[in-house]
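K.L.:
Please see the structure below; I have some questions.
Residue numbers (my numbering), protein chains in the order written: chain V, 216 to 513; chain P, 216 to 513.
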């Protein structure tokens, strides 16, 4: 960075041969997290991770971020310290330093994060390149974060290092995978799974002007496979895994950077998004992904 | 823009020989504007102008912006239409297109705007370059926006084209002036006046490690000069004029792009920021600039 926080604006050198990637995300108390349920450390970690996940979804790498923070006076002590600890860890892990921001006082905790990333010119992966016959892949396991959220809402006292909560509290953006897919030119379209497969896949299909057929039996759900884990894999949000399409004649490694890749279906010529059930029948895949407002009552 | 709204992130080509300018600003109901006092058209205009003013303050030009918007369902009809009208006019006027953003539902109107600008490498004007002996200048007139706010709070029904409200509702960032000052290399430090001279000047002095002496008699206050207009010129916020310092042996035109420039004092060697009163005595210039929370009761 040429100039960081403290002036009217930050200055960032540009690099020849690269495009800038720009993305911003709300992270609001009551909508995206609960002050008395989510550890402040996790709030700090996750507000940055979520925005960086959009950079991963383009095949890029993050360069820096801007933080807009509004806080009640009662949160400027211990809560803020813990929040900044989580944010600093994420920033260091992702090599994505703070460039600037804006702070004010408010009766609720409001967070907005802008991430500036970069990708070699012409190598960004968008949502619009999927073609009929392409294979549909997802990274990692689906539904784990939603299961963690359900557990969190049931628990009285949170243990932040509870392994069942890890994916919900401390997700990791798939940066290395996104960059690998961008570099190897097999991928036709890509996005991140932030709102759940049944919400996000139709978005990719709409952007590409195609349909899709998903096989229930192929979904990389969380262990203890049952009806509930299938539902979580289809509709659970907050996973920050990558959803991408690959030309039919291409093969992929089973894992990239330790993250398993699973073929879950194929792109079709119509506009319909359908699910093949475990019994083999086809049904429409209804959008039942993550709804930020449902959490309000939690 | 290589890729605008609708994908995971936006893509912006970078230009050799330029640095990116990054800035973001809150614009929150109850803190920065009042839903039932400020026309939605003005809210749309001003949320972008405020962030672009930070780009002007670096001597740069805006390239695009990201909009994060949280709205009550009751505002998605007429209010949103009017908001977008004001935002579109500002975007067109500033040649600063929408690149992307994030929207959600919320019980209050929350706005965050990120602007990405550019400046030739090495030509950005920061707050830290002022040296003892430099002349201190401001653009335009000071205190007009605060006077407009006071009028707005008294009024029952707003006429958005009331000339006394214009500076408060529809400020204009000093882009041409900022770029002129950057190009002519006479300016040693610069920032925009968003919180009032008595709040912002000490920030510039702290960044530069200097003090300042301001002459009350030189302040370009609003007409009908009296004690109240002097107070407004010293402490009124929201003017989005430029505050800058120029080496002592340099001269400036009286106006740039139609905006008058006024020498209001000089940089000093200590760390004190003092005001020379109309009677010629010196007193400390106390920080009494714009406080976003005062408006809450309005």
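Beta carbons: idealized from backbone N, C-alpha and C, even for Gly.
Excluding five sequence neighbours on each side, which residues of the same chain lie with their C-beta closer than 7 Å to the C-beta of residue 507(P)?
P.N.:
Here residue 507(P) is taken as the residue at index 292 of the second chain, counted from 1. A caution first: residue 507(P) carries a pLDDT of 45, below 50, which makes its placement in the model unreliable, though a value can still be read off. 246, 247, listed in sequence order.
K.L.:
So within the stretch 320 to 346 of chain P, which uninterrupted alpha helix (DSSP H) runs reach at least 4 residues, ignoring any that extend past its ends?
P.N.:
Complete alpha helix (DSSP H) runs here, min 4: none at all.
K.L.:
Identify which residue in 496(V), 425(V), 328(V), 256(V) has its Cα closest to the Cα of residue 347(V).
P.N.:
Position 132 of the first chain, counted from the start, is the residue given in the question as residue 347(V). That would be 425(V), whose Cα lies nearest to the Cα of residue 347(V).
K.L.:
CA-CA distance, residue 259(V) and residue 216(V)?
P.N.:
Translated into positions along the first chain, residue 259(V) becomes position 44. Translated into positions along the first chain, residue 216(V) becomes position 1. Roughly 22 Å separates the two Cα atoms.
K.L.:
So, residue 460(P) versus residue 403(P), is the Cβ gap smaller than 8 Å?
P.N.:
In the second chain, counting from the first residue as 1, residue 460(P) sits at position 245. In the second chain, counting from the first residue as 1, residue 403(P) sits at position 188. The answer is yes: Cβ separation under 8 Å.
K.L.:
DSSP state of residue 470(P), grouped into three classes?
P.N.:
Numbered from 1 along the second chain, position 255 holds the residue referred to as residue 470(P). Correct three-state label for residue 470(P): strand.
K.L.:
At least one CB of chain P closer than 8 Å to the CB of residue 269(V): is that the case?
P.N.:
Mapped onto the first chain, residue 269(V) falls at position 54. Yes, residue 269(V) counts as interfacial toward chain P.
K.L.:
Mapping DSSP to helix, strand and coil, what is residue 311(V)?
P.N.:
Locating residue 311(V) in the first chain gives position 96, where the first residue counts as 1. Coil, per DSSP.
K.L.:
Could you name the residues of the stretch 392 to 414 of chain V whose beta carbon sits closer than 7 Å to any beta carbon of chain P, in the order they occur along the chain?
P.N.:
So the close ones are 406, 407.
K.L.:
Where do the N-terminal and C-terminal ends of the beta strand (DSSP E) with residue 239(P) fall, by residue?
P.N.:
Residue mapping note: residue 239(P) aligns to position 24 of the second chain, counting from 1. Element bounds for residue 239(P): 233 to 243.
K.L.:
Distance, Cα to Cα, residue 293(V) vs residue 225(V)?
P.N.:
To locate residue 293(V), count along the first chain from 1; it is residue 78. To locate residue 225(V), count along the first chain from 1; it is residue 10. Roughly 28 Å separates the two Cα atoms.
K.L.:
Whole-angstrom Cβ separation of residue 229(P) and residue 229(V), contact assumed at under 8 Å?
P.N.:
Within the second chain, residue 229(P) is the residue found at index 14, counting from 1. Within the first chain, residue 229(V) is the residue found at index 14, counting from 1. About 4 Å; that satisfies the 8 Å criterion.
K.L.:
Buried or exposed: residue 509(V), going by 16 or more other Cβ atoms within 10 Å of its Cβ?
P.N.:
Sequence index remark: in the first chain, residue 509(V) carries index 294 (1-based). Confidence in residue 509(V) is poor, its pLDDT being 43 and thus under 50, which makes the residue's placement too unreliable to answer from.
K.L.:
Could you tell me which chain P residues have their CB closer than 7 Å to the CB of residue 283(V), listed as they occur along the chain?
P.N.:
Position 68 of the first chain, counted from the first residue, corresponds to residue 283(V). Here the neighbours are 239, 241, 327.
K.L.:
What does DSSP give as the partner residue(s) for residue 264(P) in the beta ladder?
P.N.:
Along the second chain, read from residue 1 onward, the residue named residue 264(P) stands at position 49. Per DSSP, none; premise fails for residue 264(P).
K.L.:
Which first and last residues belong to the alpha helix (DSSP H) in which residue 417(V) is found?
P.N.:
As a position in the first chain, residue 417(V) is number 202, starting the count at 1. Residues 412 to 423.
K.L.:
My output table needs one value for residue 496(V): the three-state DSSP class, helix, strand or coil.
P.N.:
Locating residue 496(V) in the first chain gives position 281, counting from the first residue. Coil at residue 496(V), not helix or strand.
K.L.:
Taking the alpha-carbon positions, what's the residue 227(P) to residue 282(V) distance?
P.N.:
The count along the second chain starts at 1 and reaches residue 227(P) at position 12. The count along the first chain starts at 1 and reaches residue 282(V) at position 67. Answer to the nearest angstrom: the Cα atoms are 20 Å apart.
K.L.:
If I'm right that residue 280(P) touches residue 263(P) with Cβ under 8 Å, what's the distance once you round it to whole angstroms?
P.N.:
Walking along the second chain from the start, residue 280(P) turns up at place 65. Walking along the second chain from the start, residue 263(P) turns up at place 48. That belief holds up - the Cβ atoms of residue 280(P) and residue 263(P) are roughly 6 Å apart, short of 8 Å.
K.L.:
Does DSSP classify residue 437(P) as helix, strand or coil?
P.N.:
Here residue 437(P) corresponds to residue number 222 of the second chain, with the count starting at 1. Three-state DSSP puts residue 437(P) in coil, outside helix and strand.
K.L.:
Kindly list, in the order they appear in chain V, the residues whose Cβ is closer than 8 Å to that of residue 230(P).
P.N.:
The count along the second chain starts at 1 and reaches residue 230(P) at position 15. Within chain V, the residues near residue 230(P) are 229.
K.L.:
Which two residues bound the contiguous alpha helix (DSSP H) that contains residue 398(V)?
P.N.:
Position 183 of the first chain holds residue 398(V). 390 to 399 is the extent of the alpha helix (DSSP H) around residue 398(V).
K.L.:
Since residue 342(V) meets chain P, which of its residues come closer than 9 Å, beta carbon to beta carbon?
P.N.:
Within the first chain, residue 342(V) is the residue found at index 127, counting from 1. Residues of chain P passing the Cβ test: 221, 222, 223.
K.L.:
So what's residue 443(P) in DSSP terms, helix, strand or just coil?
P.N.:
For the purposes of this step, residue 443(P) is taken as residue 228 along the second chain, with counting starting at 1. Three-state DSSP puts residue 443(P) in a helix.
K.L.:
Sort 478(V), 401(V), 335(V), 390(V) by Cα distance to residue 436(V) and report the nearest one.
P.N.:
In the first chain, the residue the question calls residue 436(V) occupies position 221. Cα-wise, what sits closest to residue 436(V) is 478(V).
K.L.:
Which residues in chain P have a C-beta closer than 7 Å to the C-beta of residue 317(V)? List them in chain order.
P.N.:
Within the first chain, numbered from 1, the residue matching residue 317(V) stands at position 102. Neighbours of residue 317(V) on chain P, chain order: 239, 240, 241.
K.L.:
Between residue 250(P) and chain V, is there a C-beta pair that is closer than 8 Å?
P.N.:
Here the question's residue 250(P) lines up with position 35 in the second chain. Not an interface residue.
K.L.:
Which residues bound the alpha helix (DSSP H) around residue 384(V)?
P.N.:
Your numbering for residue 384(V) matches position 169 in the first chain. Here the alpha helix (DSSP H) through residue 384(V) covers 381 to 384.
K.L.:
At least one CB of chain V closer than 8 Å to the CB of residue 273(P): is that the case?
P.N.:
The residue labelled residue 273(P) in the question sits at position 58 within the second chain. With 8 Å as the cut-off, residue 273(P) counts as an interface residue toward chain V.
K.L.:
Hey, does residue 486(V) have any beta-carbon neighbour from chain P nearer than 8 Å?
P.N.:
On the first chain, residue 486(V) is found 271 positions in, with the first residue counted as 1. Answer no: the Cβ-Cβ gap between residue 486(V) and chain P never drops below 8 Å.
K.L.:
Taking residue 246(P) as the query, report the chain V residues whose CB atoms sit under 7 Å from its CB, ordered along the chain.
P.N.:
Taking the first residue of the second chain as 1, we reach residue 246(P) at position 31. The contacting residues are 319, 321.
K.L.:
So residue 386(P) and residue 453(P) are in contact, right, with Cβ under 8 Å, and what is the actual spacing, rounded?
P.N.:
If you number the second chain from 1, residue 386(P) lands on position 171. If you number the second chain from 1, residue 453(P) lands on position 238. Going by Cβ atoms, the distance from residue 386(P) to residue 453(P) rounds to 7 Å, so yes, they are a contact pair.
K.L.:
Using a Cβ-Cβ cut-off of 8 Å, state whether residue 381(V) counts as contacting chain P.
P.N.:
Locating residue 381(V) in the first chain gives position 166, where the first residue counts as 1. Answer no: the Cβ-Cβ gap between residue 381(V) and chain P never drops below 8 Å.
K.L.:
List the residues of chain P that residue 331(V) touches, going by C-beta distances under 8 Å, in chain order.
P.N.:
Along the first chain, one-based indexing puts residue 331(V) at 116. Here the neighbours are 235, 237, 331.
K.L.:
Would you call the stretch 308 to 323 of chain V and the stretch 347 to 361 of chain V touching, i.e. three or more CB-CB distances under 8 Å?
P.N.:
No: the two stretches stay apart, fewer than three of their Cβ pairs being nearer than 8 Å.
K.L.:
Determine contact between the stretch 376 to 390 of chain V and the stretch 268 to 275 of chain V, defined as no fewer than three beta-carbon pairs at a distance below 8 Å.
P.N.:
Yes, the stretch 376 to 390 of chain V touches the stretch 268 to 275 of chain V.
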